[in-house]
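Here's the structure we're looking at; comments come further down.
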DNA sequence: TTGCAAATTTGTAAAAATTACAATTTATAT
DNA sequence: ATATAAATTGTAATTTTTACAAATTTGCAA
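Protein chains in written order, with this note's numbering: chain Z, 11 to 149; chain V, 11 to 149.
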């Protein structure tokens, strides 16, 4: 687990015009420190230990706000759960259908957009791979 | 709306070793005739008119079975709803964040898989574009 | 045919996930 | 200090999904 300073977290929030409340800082920090694409549930359960009064509603609202502002990304690769990613640089994702883990995949190529119809505006492109991860294959 | 013969529907089901019950035929036919990537809700509501006793459970189970057998695809582009696609040939999808419609996009290029780690097996690759569609832009 | 066993579907109820919203708490600026 | 705005909480309502027993339908053998 990477250690992220409070300063980094505050800066990232303020860059997007979001006020750094205790809850927001905790949520963003969690996403930056845990690059495992956690679900709302995981985030809520983990942070409840540090912030016992934390409300599930706050987690929902905060993640939605972060997504809207482009601070984080919602990874909808798994139809069941939404996974959140604190890192928004261009990269793809891999879902293992056995263990349900989501992995980051370097995306060292350009995705052509030629096929998108005239008049459509693309704001985001995601590449999702599904399959079986190494661990699950060797078991 | 394209008209799909009963024969086509039955063949597709039997190819995958699925017995062609009334419900299964109706669901598959709906997906083949309506290329709008309907949600479970839409499928259930529409088909309930033809099959008044149709159960939501059956729709859930059937769609899951179809996906497992590779007869259809679940499009998880929209974190809120799962969209189902009766056409499984390689193509990408575009989600309009205004009207929430999902559009098919020709994918006339190969997606490199070089970046997937050694030892991982890829069974499916999806490209999802998000943005605004022509209709919503001109409004 | 008839009847049995397996497969499928139904309907209800429970569980889980999400949303709405009023009340409370916290932060900010005067 | 105090008023105002912003954010969070907690509960309840709503929606979505799952579990599962009962009922129905189907395929097949006698």
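Where is the CB? At the ideal position from N, CA and C, for every residue including glycine.
Outcome for residue i when other beta-carbon atoms lying within 10 angstroms are tallied against a minimum of 16
i                      : result
residue 79 of chain Z  : exposed
residue 103 of chain Z : buried
residue 117 of chain Z : buried
residue 106 of chain Z : buried
residue 29 of chain V  : exposed
residue 83 of chain V  : buried
residue 72 of chain V  : buried
residue 19 of chain Z  : buried
residue 22 of chain Z  : buried
Same chain only: Cβ atoms within 6 Å of residue i, ignoring 5 sequence neighbours per side
i                      : result
residue 136 of chain Z : none
residue 26 of chain Z  : 79 and 81
residue 47 of chain V  : 85, 93, 95 and 112
residue 54 of chain V  : 66 and 69
residue 100 of chain V : 117
residue 58 of chain Z  : 64
residue 11 of chain V  : 43
residue 76 of chain Z  : 82
residue 16 of chain Z  : none
Residue span of the beta strand (DSSP E) that contains residue i, given as start and end
i                      : result
residue 137 of chain Z : 131-142
Cut-off 8 Å between Cβ atoms - residues of its own chain near residue i, not counting five sequence neighbours on either side
i                      : result
residue 143 of chain Z : 104, 106, 108, 109, 111 and 113
residue 2 of chain Z   : This structure cannot settle anything about residue 2 of chain Z, because the visible part of chain Z is limited to 11 through 149.
residue 146 of chain V : 106, 108 and 109
residue 38 of chain Z  : 19, 22, 23, 76, 81, 82 and 96
Residue interval of the alpha helix (DSSP H) (run including residue i)
i                     : result
residue 22 of chain V : 16-25
residue 58 of chain Z : 50-60
residue 39 of chain V : 32-43
residue 74 of chain V : 66-78
Close Cβ partners of residue i (< 7 Å) along its chain, the five nearest in sequence each way excluded
i                      : result
residue 121 of chain V : 135 and 137
residue 24 of chain Z  : 30
residue 6 of chain V   : Coverage of chain V is limited to positions 11 through 149, which leaves residue 6 of chain V absent and any answer about it impossible.
residue 126 of chain Z : 132
residue 115 of chain V : 101, 102, 103, 104 and 139
residue 56 of chain V  : 40
Can at least three beta-carbon pairs, one atom from the stretch 125-134 of chain Z and one from the stretch 94-114 of chain Z, be found at a separation below 8 Å? no
Please confirm if the stretch 22-39 of chain Z is in contact with the stretch 49-69 of chain Z, defined as three or more CB-CB distances below 8 Å between the two stretches. yes
Three CB pairs or more closer than 8 Å across the stretch 53-66 of chain Z and the stretch 75-90 of chain V: no
Length at least 3, wholly inside the stretch 85-126 of chain V: the beta strand (DSSP E) runs in chain order: 93-95, 101-106 and 112-116
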